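Asks: Residue numbers (the working numbering): 20 to 494.
Think of the CB as a built atom: it goes at the ideal place given N, C-alpha and C, for glycine as much as any other residue.
Given the structure is predicted, the values throughout are model-derived calculations rather than measurements.
Structural data, given as structure tokens:
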């Protein structure tokens, strides 16, 4: 979705913001004038005379915006007919109406929610943030899961990423995906790939999955299997990737958590992704949480992470595969090297051209608690899958109440009080540092991200303190 279209329109002047805030306001039936207008504008509804008269001034407003943005009427109608884009435009309108234009933008609901659908998993990954394995006793019922999808859609959340555990091990995932598709949501599945048979790959296409992300941490079977805790599963993961790619109905990404174990394989992993036909290669930041606390020595140094980001950009620039990462410093590297030609505007999107910098500042790198949050298998909300801080329970409160009222989420939306270099960095609005890494290392989500090259003194100070503690224990 071309969000630069939205940003360019919304920040023109205060009149736009007032009008769009009014259009996006929901009535008692969770409907808005915007929904009527979009159906009228795209020709999807035959409005009566009085409705046409009422909507006509706003129709002209859209037309003026279309002309300012140099869009043909056909181009505008095509974009505005996309239900995902509609959720995005409604959410952006509401957010700017509520908070004004901020850098980065604070959203009235998160554009993206990652849902750890179940805790059950068939692997024992050494870095698992979820400590996944057995099903939790209090995992949500199908009825509650469907209610949550309905609620997220009402709030104009436009993307749900289903993770786990292993989401494909829960039979409810299919009915939930069908419900999300009915709402026109962008839906992705993060999976270890071992359960993606040709039949499962087709079923994902049939229920409206948009993106499938499959974990693969090495091109060497024995290395991947050792890291994932079960022998023989590299082969099954690769077969899963092949089955998903063969569908051709959704995008497929290969995701690797980059650590000391596979840092030297980065180029090989990217090439493997190209060869197998994946659309994206995704480098995950290592976060010391869950079982990852036990392998903290495997984290990259700031210099290695900087090299990783530059390697990703090298391939990204070639254009033969999209290379993305959860490391928010990627935006800084792209801006330093690419002269604004290509800039990641979130962990999963990018833009180029004149609006790229504006859009990157608008979406703003790390979105924890501001543009993104996570749902746990039992309905508890946390700011991020890598930040195990409960901020509310969907069995007790509505999603809107939790998002708007949580003190933790409110604190995470402010970057002016970040510590060390993160607080003064010129790239603060497009990056913000990984708050989960800060929390994982310091127990303080305002602390500096020790993975950034600009905080390398903090990283080596941490390493020195750990080595000192080891010496003291051995005395």
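1. Closest to residue 193 by CA distance: which of 201, 179, 223 and 129 is it?
2. Leaving out five residues on either side along the sequence, give the residues of the same chain with a beta carbon under 8 Å from the beta carbon of residue 51.
3. Pull the bridge partners of residue 339 from the DSSP assignment, please.
4. State the Cα-Cα distance for the pair residue 470 and residue 76, rounded to the nearest angstrom.
5. Measure the beta-carbon distance from residue 227 to residue 196 and round it to whole angstroms, keeping in mind my assumption that it falls under 8 Å.
6. Are residue 211 and residue 182 close, meaning C-beta to C-beta below 8 Å?
7. For residue 265, count neighbouring Cβ atoms within 10 angstroms of its own Cβ and tell me buried if that reaches 16, exposed if not.
8. DSSP puts residue 232 in a beta bridge; with which residues?
9. So for residue 301, helix, strand or coil by DSSP?
10. List the DSSP bridge partners of residue 406.
11. Can you tell me where the alpha helix (DSSP H) holding residue 114 begins and where it ends?
12. Since residue 320 contacts residue 478 with CB under 8 Å, what's their CB separation in whole angstroms?
13. Mark residue 428 as exposed unless 16 or more other C-beta atoms lie within 10 angstroms of its C-beta, in which case mark it buried.
14. Would you grab the beta carbon distance between residue 390 and residue 129 for me? Rounded to a whole angstrom, and I think it's under 8 Å.
15. Exposed or buried, which one is residue 92 when buried takes at least 16 other CB atoms within 10 Å?
16. Go ahead and pull the three-state DSSP assignment for residue 544.
17. Quick check: the Cα distance between residue 246 and residue 86, rounded to an integer number of angstroms?
18. Would a C-beta distance cut-off of 8 Å place residue 207 and residue 242 closer than the cut-off?
19. Given a cut-off of 8 Å on the beta-carbon distance, is the pair residue 317 and residue 279 in contact?
20. List the DSSP bridge partners of residue 180.
21. Quick one, which of 399, 448 and 426 has its alpha-carbon nearest residue 435's?
22. Is the distance from the Cβ of residue 121 to the Cβ of residue 96 below 8 Å?
23. Would you say the segment 456–469 touches the segment 306–313, given that touching needs at least three Cβ pairs under 8 Å?
24. Would the beta-carbon of residue 356 fall within 8 Å of that of residue 332?
25. Just reading off the beta strand (DSSP E) that residue 393 is part of, what are its end residues?
26. Can you tell me where the alpha helix (DSSP H) holding residue 257 begins and where it ends?
Replies: Looking at the atomic coordinates:
1. Locating residue 193 in the chain shown gives position 174, counting from the first residue. For the options 201, 179, 223 and 129, the alpha carbon positioned closest to that of residue 193 is the one of 223.
2. By 1-based counting over the chain shown, the position of residue 51 is 32. Residues 42, 43, 44, 45 and 109 of the same chain have their beta carbon placed closer than 8 Å to that of residue 51, with the five preceding and five following residues left out of the count.
3. Against the chain shown, residue 339 aligns to sequence position 320. According to DSSP, which records beta bridges pairwise, residue 339 is partnered with nothing at all.
4. Indexing the chain shown from 1 puts residue 470 at position 451. Indexing the chain shown from 1 puts residue 76 at position 57. Straight-line Cα distance between these residues: approximately 51 Å.
5. Along the chain shown, one-based indexing puts residue 227 at 208. Along the chain shown, one-based indexing puts residue 196 at 177. Distance from residue 227 to residue 196 at the Cβ level is roughly 6 Å; contact confirmed, criterion being Cβ atoms closer than 8 Å.
6. Taking the chain shown and counting its residues from 1, one reaches residue 211 at position 192. Taking the chain shown and counting its residues from 1, one reaches residue 182 at position 163. Contact flag unset, no.
7. As a first step, residue 265 must be located in the chain shown, where it is residue number 246. Exposed.
8. Indexing the chain shown from 1 puts residue 232 at position 213. Partner(s): 209 and 272.
9. As a working mapping, residue 301 is identified with position 282 in the chain shown. Secondary structure at residue 301: strand, using DSSP grouped into helix, strand and coil.
10. Reading the chain shown from its first residue, position 387 is the one you call residue 406. When beta bridges are read from the DSSP output, residue 406 appears opposite 403.
11. Along the chain shown, read from residue 1 onward, the residue named residue 114 stands at position 95. It spans 102–118 - the alpha helix (DSSP H) in which residue 114 sits, taken as one unbroken run.
12. If you number the chain shown from 1, residue 320 lands on position 301. If you number the chain shown from 1, residue 478 lands on position 459. Contact between residue 320 and residue 478 holds: CB atoms are separated by about 7 Å, below the 8 Å threshold.
13. Locating residue 428 in the chain shown gives position 409, where the first residue counts as 1. So residue 428 counts as buried.
14. As a working mapping, residue 390 is identified with position 371 in the chain shown. As a working mapping, residue 129 is identified with position 110 in the chain shown. Residue 390 to residue 129, Cβ: 6 Å. Contact.
15. Here residue 92 refers to the residue found at position 73 when the chain shown is read from its first residue. Exposed, by the Cβ-count rule.
16. Lying outside 20 to 494, the shown extent of the chain, residue 544 is not represented and no answer is given.
17. Along the chain shown, read from residue 1 onward, the residue named residue 246 stands at position 227. Along the chain shown, read from residue 1 onward, the residue named residue 86 stands at position 67. Approximately 54 Å, taken between the alpha carbons.
18. In the chain shown, residue 207 corresponds to position 188, counting from 1. In the chain shown, residue 242 corresponds to position 223, counting from 1. Not closer than 8 Å, so no.
19. Start at 1 with the first residue of the chain shown, and residue 317 comes out as number 298. Start at 1 with the first residue of the chain shown, and residue 279 comes out as number 260. Yes.
20. Within the chain shown, residue 180 is the residue found at index 161, counting from 1. Its beta-bridge partners are 133 and 207.
21. By 1-based counting over the chain shown, the position of residue 435 is 416. Put simply, of 399, 448 and 426 the residue whose alpha carbon is nearest the alpha carbon of residue 435 is 448.
22. Numbered from 1 along the chain shown, position 102 holds the residue referred to as residue 121. Numbered from 1 along the chain shown, position 77 holds the residue referred to as residue 96. If you check the CB distance, residue 121 and residue 96 do not come in under 8 Å.
23. At 8 Å Cβ cutoff, the stretches touch.
24. Numbered from its first residue, the chain shown carries residue 356 at position 337. Numbered from its first residue, the chain shown carries residue 332 at position 313. For residue 356 and residue 332, yes; Cβs fall inside 8 Å.
25. As a position in the chain shown, residue 393 is number 374, starting the count at 1. Its beta strand (DSSP E) spans residues 391–394.
26. Looking up residue 257 in the chain shown gives position 238. That run of the alpha helix (DSSP H) goes 252–266.
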